[in-house]
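Visitor:
Spelled out as structure tokens, the structure:
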């Protein structure tokens, strides 16, 4: 028991340290395992677990592969189905032949052992790929292809390795029997997995009497039951069973699927942590050094010759550009399936008296160490160098068809970026289509609709309805399901602060709970935006579209001036052009060189509108507005801003029971503050005074020091 406890503690510690340094967890899991093993502190002896080690490995691998299948999105895989099919079939053959020849000619292994090694390293590790893709955040197409390859090729590679091992143990076998053994295992595993996954999904839909925790345990028991059934019929067919069961269960659209996936992800993290520590602790460093230079050359050939050839052939005419293909050539780390199967095979070969078992295990671990350390630690830099991270994604999906969303959509579209609007109001969607925008008349709560809108390929998701609660739910779901780089939600002025969700991080406390691997949902434009009021201004043509560029040496004065205009309700920031990219304005600090596009409230009487002969269909064009470009005396404006800040600031001491204003945040600039809303569902005010003047001012003037204010006053 002590051995298992040590493995758990070391595994979770490795996960924590890896998360702190933001590197793949397998790096520290391998390091901790080796340090605790026989060549290190000699605290961990996996062989003392006996047959229990094989049981732990088998059930853990089954759980890992099921979780991988459960996380695969079939709709997204359909966009890369041709390349994925080639990687799982033709790519397997290329790696088998190339790896076998490299191990024989460079590593000087016998042909049988060389091909057994190649079969073991055919697989790419989903336990490494999936966390790596979340950290690197490459574009959706590449990540889907790599994750799909990692999950689907694992059972194929493991079964192929078993077939090769059978040939080694039983002597020369006829090619027909080898092929039939491979296909039989795939067929049995696939059939049991598909049927079992469907039955499990139907049961979960009907079992409303079960709690969510009980449903999760039912799935866990069902997965292991299907795995055991397939294994009892044909050895190693259970791996394909659990992958297919996960795929079918995901496609069944069971209730609270996200909770199930979260539970399985936690179990998988625990299983991976324990397995890698145990298997690494059982590794002999002496066996690694005994391999010689030939083993190192074998691994290098696998990484720099076999893998690029594999990708080049399998992605021919796929639509992937050379940057995406080059990244796929570089990222192919091996993981837990290779390690676990190699450890079991080493035991079997040793028991049969066949030499090479420990050597092949050492070579597989050398491959894992090399690919994980070289490729895993450099994947982020390579992706940024190739410019294929999702942060460079453009285009927008906007929920809500209203005057403001139409204006923002046109501004994105005029730059050549794709824009899709979603609204349940058919008439509003038709109006958007008349403006030349693509619109989908459906509910954005449906992930199929978001997939149809192309959310997985765009850079911005904006929830822009008049219902703040709906906006928050939509933004949170988009962030969890599709993870676009920028996720924003409008918080209308009629939404009370008590109903603001944790997802919208406007303070250090809430942002600290946001997962670093998922995009943070931000409030769009300004906190508690008077959306209905500005839509009315657009309908009445009481606005102008302005633009201004922030620049030194007047950057501080511009920030203060803009903050004051926002606080007075005269200006509403819409979009920010930064480094050539157009982004929806939020509460982040404006920087030097930013081009701000904004709405300027320009009220006119009906008589003036008629006399001016304004065209109701005329589109707003960006212009420089004198009231914004002309900066007032800095001292006057700073005094106004400071007076508002002082009025809203908490008292220094608790006098006569007075308490500090809980709505004032001193944690980070731009924290959302309470104020009297300027609009309610029943009444619309004539002037859109900002509900959060200090929030708007802080968001734009964050970083202004007393020295800056002093210098501005002197000037």
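Numbering (the UniProt record's numbering), first residue to last: 1 to 715.
From the three backbone atoms N, C-alpha and C, an ideal C-beta is built for every residue, glycine too.
#1: Using 8 Å for Cβ pairs, my map puts residue 379 next to residue 331. What's the rounded Cβ distance?
#2: Between which two residues does the beta strand (DSSP E) holding residue 521 run?
#3: Keeping to the same chain, check which residues put their C-beta closer than 6 Å to that of residue 328; ignore five residues upstream and five downstream.
#4: Beta-carbon within less than 8 Å of residue 88's beta-carbon, same chain only, minus the 5 sequence neighbours each way: which residues are those?
#5: In terms of residue numbering, what span does the beta strand (DSSP E) encompassing residue 573 cover?
#6: For residue 546, write down the residues that DSSP places opposite it in a beta bridge.
#7: Can you give me the C-alpha to C-alpha distance between residue 121 and residue 202, rounded to a whole angstrom?
#8: Do residue 458 and residue 399 count as a contact pair if the criterion is CB distance below 7 Å?
#9: Contact check, residue 376 vs residue 403 under 8 Å by CB: the rounded distance?
#10: Am I right that residue 10 and residue 37 are in contact with their C-beta atoms under 8 Å? What's the rounded C-beta distance?
#11: Residues in its own chain within less than 8 Å of residue 525 by CB, not counting five upstream and five downstream?
#12: Tell me whether residue 275, by its Cβ, gets closer than 6 Å to a heavy atom of the ligand HEM.
#13: Might you give, ordered along the chain, the residues of its own chain that have their beta carbon closer than 7 Å to the beta carbon of residue 192, omitting 5 neighbours on each side?
#14: Tell me the DSSP secondary structure of residue 112 in three-state form.
#15: How would you call residue 161, buried or exposed, if buried means at least 16 neighbouring beta carbons within 10 angstroms?
#16: Excluding the 5 residues flanking residue 537 on each side, which residues of the same chain have their C-beta closer than 7 Å to its C-beta?
#17: Just mark residue 305 as buried or exposed, buried being the case when its beta carbon has 16 or more other beta carbons within 10 Å.
#18: Quick one: what's residue 489 bridged to in DSSP?
#19: Could you tell me whether the segment 586 to 596 touches the segment 548 to 561, where touching means 3 or more Cβ pairs closer than 8 Å?
#20: In whole angstroms, give me the CA-to-CA distance for residue 130 and residue 283.
#21: For residue 245, which three-state DSSP category applies?
#22: Would you list the one or two residues that DSSP bridges to residue 581?
#23: List the DSSP bridge partners of residue 440.
#24: Quick check on residue 529: does DSSP put it in helix, strand or coil?
#25: Would you call residue 181 buried or exposed, if buried means 16 or more other Cβ atoms sit within 10 Å of its Cβ?
#26: Strictly by DSSP, which residues pair up with residue 397?
#27: Which full runs of the alpha helix (DSSP H) of 4+ residues lie inside the segment 32 to 118, going along the chain?
#28: So, with DSSP's three-state summary, where would you put residue 792?
#29: With 16 as the cutoff for other CB atoms within 10 Å, does residue 55 come out buried or exposed?
#30: Report the rounded CA-to-CA distance for residue 433 versus residue 188, giving the unit in angstroms.
#31: Measure the CB-CB distance between residue 12 and residue 268 and report whether it falls below 7 Å.
#32: Does the distance from the CB of residue 247 to the CB of residue 69 come in under 7 Å?
#33: Determine which residues share a DSSP beta bridge with residue 138 and list them.
#34: Kindly indicate the opening and closing residues of the alpha helix (DSSP H) around residue 215.
#35: Rounded to whole angstroms, what's the CA-CA distance from residue 439 to residue 414? Just pull it up for me.
#36: To which residues of the same chain is residue 5 closer than 7 Å at the C-beta, ignoring the five residues directly before and after it?
Guide: Taking the structure as given:
#1: Looking up residue 379 in the chain shown gives position 379. Looking up residue 331 in the chain shown gives position 331. At roughly 5 Å, the Cβ-Cβ gap stays under 8 Å, so residue 379 and residue 331 are in contact.
#2: Residue numbering aside, residue 521 sits at position 521 when the chain shown is read from its first letter. Taken as a continuous stretch (DSSP letters only), the beta strand (DSSP E) holding residue 521 covers 521 to 523.
#3: For the purposes of this step, residue 328 is taken as residue 328 along the chain shown, with counting starting at 1. The beta carbon of residue 328 sits closer than 6 Å to the beta carbons of 311 from its chain, once the five residues preceding and following it are set aside; these are given in chain order.
#4: Taking the chain shown and counting its residues from 1, one reaches residue 88 at position 88. Only 149, 152, 153, 156 meet the Cβ criterion.
#5: As a working note, residue 573 is residue 573 in the chain shown. Start and end: 571 to 578.
#6: For the purposes of this step, residue 546 is taken as the residue at position 546 of the chain shown. Per DSSP, 598, 623.
#7: One-based indexing of the chain shown puts residue 121 at position 121. One-based indexing of the chain shown puts residue 202 at position 202. Those two C-alpha atoms are separated by around 37 Å.
#8: Here residue 399 corresponds to residue number 399 of the chain shown, with the count starting at 1. Here residue 458 corresponds to residue number 458 of the chain shown, with the count starting at 1. No, Cβ-Cβ distance for residue 399 and residue 458 is not below 7 Å.
#9: Here residue 376 is taken as the residue at index 376 of the chain shown, counted from 1. Here residue 403 is taken as the residue at index 403 of the chain shown, counted from 1. That pair is no contact at about 48 Å.
#10: To locate residue 10, count along the chain shown from 1; it is residue 10. To locate residue 37, count along the chain shown from 1; it is residue 37. Wrong, their Cβ atoms sit about 10 Å apart, outside the cutoff.
#11: As a first step, residue 525 is located in the chain shown; it is residue number 525 there, counting from the start. Take residue 525, set aside five residues on each side of it, and the residues of its chain with a beta-carbon closer than 8 Å to its own are 490, 572, 573, 574, 584, 585, 586, in chain order.
#12: With respect to the ligand HEM, the structure offers nothing, as it holds no ligand at all.
#13: Here residue 192 refers to the residue found at position 192 of the chain shown. Excluding residues within five positions, the ones whose Cβ falls inside 7 Å are 226, 229, 230, 241.
#14: Position 112 of the chain shown holds residue 112. In this structure, residue 112 counts as helix in the three-state DSSP scheme.
#15: In the chain shown, counting from the first residue as 1, residue 161 sits at position 161. Classification for residue 161: buried.
#16: The sequence position of residue 537 within the chain shown is 537, counting from 1. The residues are 543, 601.
#17: As a working mapping, residue 305 is identified with position 305 in the chain shown. The residue is exposed, with fewer than 16 neighbouring Cβ atoms inside 10 Å.
#18: One-based indexing of the chain shown puts residue 489 at position 489. 463, 523.
#19: Touching, yes, given that three or more Cβ pairs across the two stretches are closer than 8 Å.
#20: Here residue 130 is taken as the residue at index 130 of the chain shown, counted from 1. Here residue 283 is taken as the residue at index 283 of the chain shown, counted from 1. Distance between the alpha carbons of residue 130 and residue 283 is about 25 Å.
#21: As a position in the chain shown, residue 245 is number 245, starting the count at 1. Reduced to three states, the DSSP call for residue 245 is helix.
#22: Here residue 581 refers to the residue found at position 581 of the chain shown. DSSP, once it has assigned bridges, lists 578 as partnering residue 581.
#23: Position 440 of the chain shown, counted from the first residue, corresponds to residue 440. 422.
#24: Sequence index remark: in the chain shown, residue 529 carries index 529 (1-based). Of the three classes helix, strand and coil, the one that applies to residue 529 here is strand, per DSSP.
#25: On the chain shown, position 181 is the one that residue 181 refers to. It counts as buried.
#26: Taking the chain shown and counting its residues from 1, one reaches residue 397 at position 397. Residue 397 is bridged to 420, 461.
#27: 51 to 71, 74 to 77, 81 to 88, 90 to 105
#28: Any question about residue 792 goes unanswered here, given that the chain covers just 1 to 715.
#29: Taking the first residue of the chain shown as position 1, residue 55 is located at position 55. It counts as exposed.
#30: To locate residue 433, count along the chain shown from 1; it is residue 433. To locate residue 188, count along the chain shown from 1; it is residue 188. If I take the Cα positions, the gap works out to 51 Å.
#31: In the chain shown, residue 12 corresponds to position 12, counting from 1. In the chain shown, residue 268 corresponds to position 268, counting from 1. Not in contact: residue 12 and residue 268 (Cβ atoms no closer than 7 Å).
#32: Translated into positions along the chain shown, residue 247 becomes position 247. Translated into positions along the chain shown, residue 69 becomes position 69. In contact: residue 247 and residue 69 (Cβ atoms closer than 7 Å).
#33: In the chain shown, counting from the first residue as 1, residue 138 sits at position 138. Paired residue(s): 389.
#34: Within the chain shown, residue 215 is the residue found at index 215, counting from 1. In this chain, the alpha helix (DSSP H) harbouring residue 215 covers 212 to 233.
#35: For this step, residue 439 is matched to residue 439 along the chain shown. For this step, residue 414 is matched to residue 414 along the chain shown. Distance between the alpha carbons of residue 439 and residue 414 is about 16 Å.
#36: Within the chain shown, the letter at position 5 stands for residue 5. Nothing listed; no residue qualifies.
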